[in-house]
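Worksheet for the structure shown next.
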Amino acid sequence: MTTIAKDVMRRIQLWLDGPYDEATKSEIQSLFKNDPQQLSDAFFKDLSFGTGGMRGIMGVGTNRLNIYTIRSATQGLANYLKKSGPLNQLSVFIGYDVRHHSKEFAQAAASVLAGNHIKVYLTKDICPTPLVSFGCRHFQCSAAIMITASHNPPIYNGYKVYWSDGGQVVFPHDEGIITEVHNIKTLNDVSIAPLDSPLIHRIGSELDEAYFSAIQPLQLYPELASSSIQVLYTPLHGTGIRNVPAALNRWGYQNVRLVRAQQNPDPDFTNAPSPNPEEPKALQLGSQELVEQKKDLLIATDPDADRMGVVALDKGQGVRLTGNQTACLLLFHICSTLQNRGELPKNSAFVKTIVTTELFAQIATAFHATCVDLLTGFKYIGEQITLWEKKFDGLQYLFGAEESYGYLYGTHVRDKDSIISACLITEAAALAKKQNITLIDRLYQLYEQFGVHRESLTSQNFPDSAEGMKQMQEQMQRLRAHPPASIGGIPVVCIEDYEQRQKINLIDRTSTPLSLPRSDVLRFWLQDRSKLVIRPSGTEPKVKIYAEVMEENPDRIEQSIQRCDQRLKNLVDAFLA
């Protein structure tokens with residue numbers, strides 16, 4: 001039988017004796033009787049509020065997501081906002097996804113902000129994450145909150161915070177908010193207003209119309225709108241159903257059909273197990289319908305509709321594109337179109353993360369554009385847009401991407417946006433179809449021009465415990481102390497250590513500083529232009545290994561792909577050996 005520690009029991013008793021609702025107290029009593037281990041897990045610590053907000057299992061307790069932990073986090077945000085400007089000028093936009101309790105949590109956050117005399121714009125219905133970023137900018141808000149756990153299992157929910165530029169909070173605001181959240185100790189520290197407060201404004205379809213108007217000028221080929229391109233779309237039971245089909249229709253693409261078994265919002269994701277477009281099984285149902293119905297393209301968005309997966313029909317088969325491949329296809333579509341029309345700005349700038357394919361950078365360079373590497377996390381791309389808008393470096397942002405299926409074309413949003421991405425990939429597919437080729441043919445054309453690039457992501461899993469965290473840290477320390485001179489027989493020529501912020505050339509033994517923020521990441525460059533990036537996950541007990549190999553001047557693309565895939569496997573196996 002599980003024995004609950006005394007300090008945990010004291011935390012539990014505070015909830016039983018405190019001003020918490022009777023349903024919560026009843027649930028605590030039930031867990032105490034039937035599942036004391038779960039109760040102990042729910043109270044043994046406070047749910048951590050990190051740089052992007054918080055994410056966790058829903059339920060009663062200090063280590064769970066519930067209206068009380070939501071209220072405490074929001075009070076901390078409110079306290080920080082009140083230090084940033086005049087109270088009568090503060091406002092916050094709030095959206096929520098399809099998950100259990102998402103609407104309830106959004107309303108709880110709105111009540112706290114209104115209780116602190118801060119104006120609130122609260123969506124009337126489920127809302128994609130990119131629409132929250134857009135709404136924050138559209139209403140010129142001080143900050144925004146999105147209630148979502150992205151593609152996590154149904155028992156999870158989360159709380160993401162955005163700043164006034166519409167991007168996820170970065171330094172120094174992230175640390176300032178965290179400090180204020182940690183200062184909230186009891187319910188007495190939290191101010192609450194009723195939901196009918198005049199400070200809470202309900203936002204409906206007017207926001208969608210403003211968004212559609214903002215992305216309309218980004219359409220590159222309006223003349224393709226009447227094309228015969230046939231699209232199959234699945235929101236994977238998420239928020240994308242609100243905007244993606246309508247956006248495609250606004251761009252003139254009328255042949256859009258839904259994967260009906262996955263079209264309705266569903267907090268349990270009944271027909272979309274593991275609703276993550278990165279995983280093949282999430283796209284299995286849609287891929288089957290794509291082939292059976294002979295559509296051209298399957299587009300899938302994750303539950304909060306910020307990321308997009310793509311499957312293209314090629315020679316009667318559904319071919320799933322990776323995030324790297326989709327990013328490069330979108331980039332080439334933008335650059336080639338604008339250049340052909342003489343409309344590609346001379347100061348064009350594109351952004352990728354350090355783990356994203358180098359093919360992306362090669363394409364940008366071929367169009368005489370700047371390509372910038374940033375740390376993993378789309379918040380850094382949003383931050384970079386704002387820096388360039390302030391005229392730093394004199395560069396103009398056009399498009400950014402990360403390998404984990406996140407893309408952003410334009411600056412109307414400061415987070416990854418599957419809505420505009422769905423429109424853009426449909427347009428690229430329509431142009432290819434007009435030229436009697438598929439997106440896979442287009443990808444092979446890129447391989448012919450720039451070389452075949454193949455990438456993989458492998459994870460080393462560790463125990464979900466303090467010991468597991470220690471093991472991860474020790475592994476990274478060993479790699480720094482004793483970096484490999486070669487991997488799989490291929491010499492390492494350069495090491496970029498983002499923790500030490502140093503780039504070390506192993507050929508001439510020189511060292512140069514790195515400008516990116518400090519981060520526990522190592523990037524190894526090999527003599528054959530392969531690369532490995534090693535980084536601990538920020539949300540899970542695992543170390544991620546990103547690998548990439550390339551082959552120049554391929555004579556036969558498919559054979560070159562096979563050789564690269566084998567080299568990729570050998571490289572990762574050698575590193576893990």
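Just so you know, we're using the numbering used here here: the sequence shown kicks off at 1 and counts up by one.
From the three backbone atoms N, C-alpha and C, an ideal C-beta is built for every residue, glycine too.
Since glycine 53 is in the alpha helix (DSSP H), which residue starts that stretch and which ends it?
DSSP places glycine 53 in no alpha helix (DSSP H) but in the uninterrupted beta strand (DSSP E) bounded by 53-57.
Separation of lysine 315 from arginine 556, as counted between CA atoms
Near 18 Å, if we compare the C-alpha coordinates of lysine 315 and arginine 556.
Are tyrosine 221 and leucine 258 closer than 8 Å when you measure CB to CB?
Against a cut-off of 8 Å, the Cβ pair of leucine 258 and tyrosine 221 comes out as no contact.
Assuming asparagine 167 contacts lysine 379 under a Cβ cut-off of 8 Å, what Cβ separation, rounded to an integer in Å, is found between them?
Checking the sequence shown, residue 167 turns out to be glycine, not asparagine. Correct: roughly 6 Å between the Cβ atoms.
Could you say which of Pro541, Leu122, Gly318 and Arg563 lies nearest to valine 549 if we only look at CA atoms?
Considering only alpha carbons, the answer is Arg563.
Buried or exposed: glutamine 13, going by 16 or more other Cβ atoms within 10 Å of its Cβ?
When all chains shown are included, glutamine 13 counts as exposed.
Using 8 Å as the Cβ pair cut-off and three pairs as the minimum, do the stretch 47-56 and the stretch 164-178 touch?
Yes, the stretch 47-56 touches the stretch 164-178.
Using 8 Å as the threshold, is the C-beta distance between isoleucine 28 and leucine 39 below it?
Yes, the pair counts as a contact, with Cβ atoms nearer than the cut-off.
From this set, Ile184, Thr3 and Tyr121, which residue's C-alpha is nearest tyrosine 80's C-alpha?
With distances taken between CA atoms, tyrosine 80 lies nearest to Ile184 out of Ile184, Thr3 and Tyr121.
I need the boundaries of the beta strand (DSSP E) containing aspartate 373, first residue and last residue.
370-374 is the span of the beta strand (DSSP E), which, as asked, contains aspartate 373.
Suppose the cutoff is 6 Å on Cβ atoms and the five residues either side in sequence are ignored; what does the same chain contact list for isoleucine 504 look like?
In its chain, beyond the 5 residues on either side, Ile495 and Ser511 have a beta carbon closer than 6 Å to the beta carbon of isoleucine 504.
Would DSSP call lysine 544 helix, strand or coil?
In the structure shown, lysine 544 sits in a strand (DSSP, three-state: E or B).
What's the gap between the Cα of phenylalanine 360 and the Cα of valine 92?
Straight-line spacing of the CA atoms in phenylalanine 360 and valine 92 works out to 36 Å.
Rounded straight-line distance, which links the Cα of proline 36 to that of glycine 61
Put simply, the backbone Cα of glycine 61 is about 12 Å away from that of proline 36.
Other residues of its chain near aspartate 97: CB distance less than 7 Å, five sequence neighbours each side excluded:
Ile126, Ile147, Thr148, Gly238, Thr239, Pro303 and Asp304, listed in sequence order.
Which residue marks the beginning of the alpha helix (DSSP H) containing proline 386, and which one marks its end?
Before going on, a small fix: residue 386 reads as threonine here, not proline. Segment 378-389, the alpha helix (DSSP H) holding threonine 386.
Which residue comes first and which comes last in the beta strand (DSSP E) that contains lysine 295?
In the DSSP assignment, lysine 295 falls outside any beta strand (DSSP E), carrying neither H nor E.
Contact check, isoleucine 420 vs tyrosine 409, beta carbons under 8 Å:
Yes, the pair counts as a contact, with Cβ atoms nearer than the cut-off.
Go ahead and pull the three-state DSSP assignment for proline 217.
Helix, per DSSP.
Could you please give the first and the last residue of the uninterrupted alpha helix (DSSP H) stretch that includes leucine 330?
Segment 323-340, the alpha helix (DSSP H) holding leucine 330.
Taking the alpha-carbon positions, what's the arginine 11 to isoleucine 145 distance?
The straight-line gap from Cα to Cα measures roughly 28 Å.
What are the boundary residues of the alpha helix (DSSP H) that includes leucine 14?
It spans 6-17 - the alpha helix (DSSP H) in which leucine 14 sits, taken as one unbroken run.
Excluding the 5 residues flanking threonine 376 on each side, which residues of the same chain have their C-beta closer than 6 Å to its C-beta?
Excluding positions up to five away in sequence, the list reads Thr353 and Val355.
Going by other Cβ atoms of all chains shown within 10 Å of its Cβ, with 16 needed for buried, is phenylalanine 171 buried or exposed?
By the neighbour-count rule (16 or more Cβ atoms within 10 Å), phenylalanine 171 is not buried but exposed.
Assigned secondary structure, histidine 138 (DSSP; H/G/I helix, E/B strand, else coil)
Histidine 138: helix per DSSP, three-state reduction.
What first and last residue would you give for the alpha helix (DSSP H) that runs through lysine 531?
Unbroken run through lysine 531 is the beta strand (DSSP E), 531-536; no alpha helix (DSSP H).
Assuming histidine 117 contacts leucine 87 (C-beta within less than 8 Å), just tell me the rounded distance between them.
Rounded, the Cβ-Cβ distance is 6 Å, consistent with contact.
Looking only at C-alpha atoms, which of Gly309, Leu330, Ala349 and Asn188 sits nearest to arginine 442?
Comparing Cα-Cα distances from arginine 442 to each of Gly309, Leu330, Ala349 and Asn188, the minimum goes to Leu330.
Taking the beta strand (DSSP E) that lysine 352 falls in, what are its first and last residues?
That run of the beta strand (DSSP E) goes 348-353.
Touching or not, the stretch 275-285 and the stretch 191-203, by the rule of three or more beta carbon pairs under 8 Å?
The stretch 275-285, when compared against the stretch 191-203, does not touch it at the 8 Å Cβ threshold.
I need the boundaries of the beta strand (DSSP E) containing alanine 143, first residue and last residue.
Unbroken beta strand (DSSP E) run through alanine 143: 143-147.
Per DSSP, what kind of secondary structure is tyrosine 253 in: helix, strand or coil?
Assigned with DSSP and collapsed to three states, tyrosine 253 falls in coil, not helix or strand.
Look at the Cβ atom of alanine 110, then the Cβ atom of isoleucine 200, and state whether they are nearer than 8 Å.
Contact: yes.
Look at the Cβ atom of phenylalanine 399, then the Cβ atom of isoleucine 363, and state whether they are nearer than 8 Å.
Cβ distance not < 8 Å, so phenylalanine 399 and isoleucine 363 don't count as in contact.
Whole angstroms are fine: how far does the CA of leucine 224 sit from the CA of leucine 439?
Their Cα atoms are separated by approximately 16 Å.
Using the C-alpha atoms, what's the distance from tyrosine 546 back to threonine 458?
In this model, threonine 458 and tyrosine 546 are separated by some 7 Å (Cα to Cα).
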